[in-house]
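Participant: Before we start, here is the structure in question, set down as structure tokens.
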Amino acid sequence: SAFILTSHIALMFDVCCCDLKDQHSSSFPPSSRIVRDYLSGAPFSSYQESMYFSRFLQWKWLERQPVTKNTFRHYRVLGKGGFGEVCACQVRATGKMYACKKLEKKRVKKRKGEAMALNEKRILEKVNSSYVVSLAYAYETKDALCLVLTLMNGGDLKFHIYNMGNSGFDEQRAIFYAAEICCGLEDLHRERIVYRDLKPENILLDDRGHIRISDLGLAVQIPEGETIRGRVGTVGYMAPEVIQNESYSFSPDWWGLGCLIFEMIQGQSPFRKRKERVKREEVDRRVREDQEEYSDKFSEEAKNICRQLLAKDPKERLGCRGCGAIEVKQHPIFRNINFKRLEANMLDPPFIPDPRAVYCKDVLDIEQFSTVKGVNLDPTDDDFYHKFVTGSVPIPWQNEMIEMECFKEINIYETDGMLCSDLDVNRPNPPPKRGFFYRLFRREASASAPATVRGGGG
């Protein structure tokens, strides 16, 4: 009860601080500093001497344990990334399922992809969003660097747009996904990260039907007050300012959202037909010069939001007029989306994946990687590997402990106020419990041992 009361007080404090910050921004920093200075004194010293701090240190020790391939069970291949396969995996200790994205060391080195791989890993570590895949672990094997990510069982939007009956979605389904993507972009932009590769195959569905943005290999963090240049992305989805190598900040992502909404409704991208054989230069010309065409699948509101997001001039584009995601959320097409409830995960998705279905290619249809030749790994690569391999990521790991009920099962205190044996340094640890296999094998050994025959008189 004391813990609940403390949590309630902390929550009320946060709410009050938010109100103060909104209403009296000039007075908030001093009051926040006063509270922090007070808590860092006697209250924190008292906490450090308590059993709760000892338990906290135990959890942090467990969190920082080495992570290797033996931490996981590995299952079928789900697909492939730029540097290797993606397979399903399961944490042995908790049973939690993830996707393991493997980056073959030789392939990374041959393509000089070290900076790109490390950039993606660091951005995934930084972002904590319900609408962006989370990085839970980073480890290495002899041949590969491995990113353990949120498992998305529902497949990607490209599969659903083109492989589930008629191409495209009904408008309400498309708008629900667009709303969640908007929230994901907002979370990225809050960290000053521009994504730059928004397209259907990079939007994944979980088993409940919610989406997450994946594959952050082209994402980059922009310093405060600055812009960047760089012609990166996928042909047909790059914004005009990207194609023309102009400076930009977050405008390419809102262009990408316009392309994605168009494709979800129409069943083809706005500047390139499905499987159309056309040169890159022609697609780029269409993006810069041509106006997209709308069929009767689009309502007037759907046409309007696409036109505003696909404005050639980034200064006129929705989302780029000074208020970012707020501008997009206020468009009339989202009038039936309660974004507060959406962000609290309280809205039901329009489509729930069938748990018995596999929303990806058959294993035999996934193209195999060829062997990398002419590349040797040497000690000079170790510095890069050391930066990449950091084990578990705190927030996803802690969420895993709670979700899989490990925290509830292990985090036990004595009911009579006494310290648990694992917290009391003056009490010996109890002997380790013998597991099922130990008892089983011991029983078999006893049964197979030769019996001692005692002779009787006679």
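FYI, in mature numbering (1 follows the signal peptide of the UniProt record, and there is no 0) the residues of the sequence shown are -18 to -1, 1 to 440.
Even glycine gets a Cβ: it sits at the ideal position worked out from N, Cα and C.
On the DSSP letters alone, give me the boundaries of the alpha helix (DSSP H) that Cys128 sits inside.
Facilitator: Taken as a continuous stretch (DSSP letters only), Cys128 belongs to no alpha helix (DSSP H), being part of the beta strand (DSSP E) at 126 to 132.
Participant: Let's test the definition: count the other Cβ atoms within 10 Å of the Cβ of Asp330 and tell me whether it reaches 16, buried, or not, exposed.
Facilitator: Its Cβ having fewer than 16 others within 10 Å, Asp330 is exposed.
Participant: With burial defined as no fewer than 16 other Cβ atoms inside 10 Å of the residue's Cβ, what is the status of Lys87: buried or exposed?
Facilitator: The residue in question, Lys87, is buried, as its Cβ has 16 or more Cβ neighbours within 10 Å.
Participant: Whole-angstrom Cβ separation of Val265 and Lys91, contact assumed at under 8 angstroms?
Facilitator: Their Cβ separation, rounded to whole angstroms, is 32 angstroms, which puts Val265 and Lys91 out of contact at 8 angstroms.
Participant: With His56 as the anchor, note down where its beta strand (DSSP E) starts and where it stops.
Facilitator: Segment 54 to 62, the beta strand (DSSP E) holding His56.
Participant: Quick check: what's the CA-CA separation for Phe244 versus Ala284?
Facilitator: Computed Cα separation, rounded: 8 angstroms.
Participant: Considering only residues of the same chain and omitting the five flanking positions on each side of Cys388, which have a CB-CB separation below 6 angstroms?
Facilitator: Result list for Cys388: Thr76, in chain order.
Participant: Output the distance between the C-alpha atoms of Pro296 and Leu167, rounded to the nearest integer angstrom.
Facilitator: If I take the Cα positions, the gap works out to 17 angstroms.
Participant: If you reduce the DSSP assignment to three classes, tell me which class Ile319 lands in.
Facilitator: Three-state DSSP puts Ile319 in coil, outside helix and strand.
Participant: Taking Leu117 as the reference, give the member of Thr123, Gly95, Ile195, Arg174 with the closest Cα.
Facilitator: Ranking the options by Cα distance to Leu117, first place goes to Ile195.
Participant: Considering just the uninterrupted stretch of the beta strand (DSSP E) at Val73, what are its terminal residues?
Facilitator: Where Val73 is concerned, the enclosing beta strand (DSSP E) stretches over 67 to 73.
Participant: I need the boundaries of the beta strand (DSSP E) containing Ala118, first residue and last residue.
Facilitator: Here the beta strand (DSSP E) through Ala118 covers 117 to 122.
Participant: Going by C-alpha distance, which of Arg259, Phe54, Lys84 is nearest Phe65?
Facilitator: Out of Arg259, Phe54, Lys84, Lys84 has the C-alpha closest to the C-alpha of Phe65.
Participant: Check this for me: beta carbons of Ile143 and Met33, under 8 angstroms apart or not?
Facilitator: Not closer than 8 angstroms, so no.
Participant: Given a cut-off of 8 angstroms on the beta-carbon distance, is the pair Val130 and Cys71 in contact?
Facilitator: Yes, the Cβ-Cβ distance between Val130 and Cys71 is below 8 angstroms.
Participant: Shortest alpha-carbon distance to Glu206 belongs to which of Phe232, Lys108, Leu401?
Facilitator: Nearest C-alpha to Glu206: Phe232.
Participant: Given a threshold of 16 other Cβ atoms within 10 Å of its Cβ, counted over all protein chains shown, does Cys165 qualify as buried or as exposed?
Facilitator: With 16 or more other Cβ atoms within 10 Å, it is buried.
Participant: Using only the alpha-carbon positions, how far apart do Glu223 and Tyr230 sit?
Facilitator: Spanning the two alpha carbons is a distance of roughly 7 angstroms.
Participant: Between which two residues does the alpha helix (DSSP H) harbouring Leu100 extend?
Facilitator: Unbroken alpha helix (DSSP H) run through Leu100: 96 to 108.
Participant: Would you check if there are 3 or more beta carbon pairs closer than 8 angstroms linking the region 173 to 181 to the region 295 to 312?
Facilitator: No: fewer than three Cβ pairs fall under 8 angstroms.
Participant: Looking at the secondary structure, which residues open and close the alpha helix (DSSP H) in which Tyr367 lies?
Facilitator: That run of the alpha helix (DSSP H) goes 364 to 370.
Participant: Report yes if the CB atom of Ile193 is closer than 8 angstroms to the CB atom of Leu187, and no otherwise.
Facilitator: In this structure, Leu187 lies closer than 8 angstroms to Ile193 by Cβ.
Participant: Assuming Cys165 is part of the alpha helix (DSSP H), what are its boundary residues?
Facilitator: First-last of the alpha helix (DSSP H) with Cys165: 153 to 172.
Participant: Roughly how far, in whole angstroms, is the beta-carbon of Lys103 from the beta-carbon of Phe370, given that I think they are within contact range, below 8 angstroms?
Facilitator: Right, the Cβ-Cβ distance comes to about 6 angstroms (below 8 angstroms), so this counts as a contact.
Participant: Give a yes or no on whether the C-beta atoms belonging to Tyr395 and Phe141 are separated by under 8 angstroms.
Facilitator: Cβ distance not < 8 angstroms, so Tyr395 and Phe141 don't count as in contact.
Participant: In the DSSP assignment, what are the bridge partners of Tyr230?
Facilitator: Note: Tyr230 sits in a beta bridge opposite Ile210.
Participant: Hey, out of Asn148, Ala161, Tyr20, whose CA is closest to Arg323's CA?
Facilitator: Ranking the options by Cα distance to Arg323, first place goes to Ala161.
Participant: Three-state secondary structure (DSSP) at Met328?
Facilitator: The answer is coil: DSSP assigns Met328 none of H, G, I, E or B.
Participant: Among Lys108, His56, Asn52, whose alpha-carbon lies nearest the alpha-carbon of Leu198?
Facilitator: Leu198 has its Cα closest to that of Lys108, out of Lys108, His56, Asn52.
Participant: Under the three-state reduction of DSSP, which class applies to Glu283: helix, strand or coil?
Facilitator: In the structure shown, Glu283 sits in a helix (DSSP, three-state: H, G or I).
Participant: Less than 8 angstroms between the CB atoms is what I'm expecting for Tyr367 and Leu127, so what's the real figure, rounded?
Facilitator: About 7 angstroms; that satisfies the 8 angstroms criterion.
Participant: Please classify Asn327: is it buried, with 16 or more other beta-carbons within 10 angstroms of its beta-carbon, or exposed?
Facilitator: Classification for Asn327: exposed.
Participant: Apart from the five residues just before and just after Pro410, which ones in its own chain have a Cβ nearer than 8 angstroms to its Cβ?
Facilitator: Once the five neighbours on either side are set aside, the close Cβ partners of Pro410 are Ser403.
Participant: If Met220 sits next to Val269, beta carbons under 8 angstroms apart, how far is it from one beta carbon to the other, in whole angstroms?
Facilitator: About 7 angstroms; that satisfies the 8 angstroms criterion.
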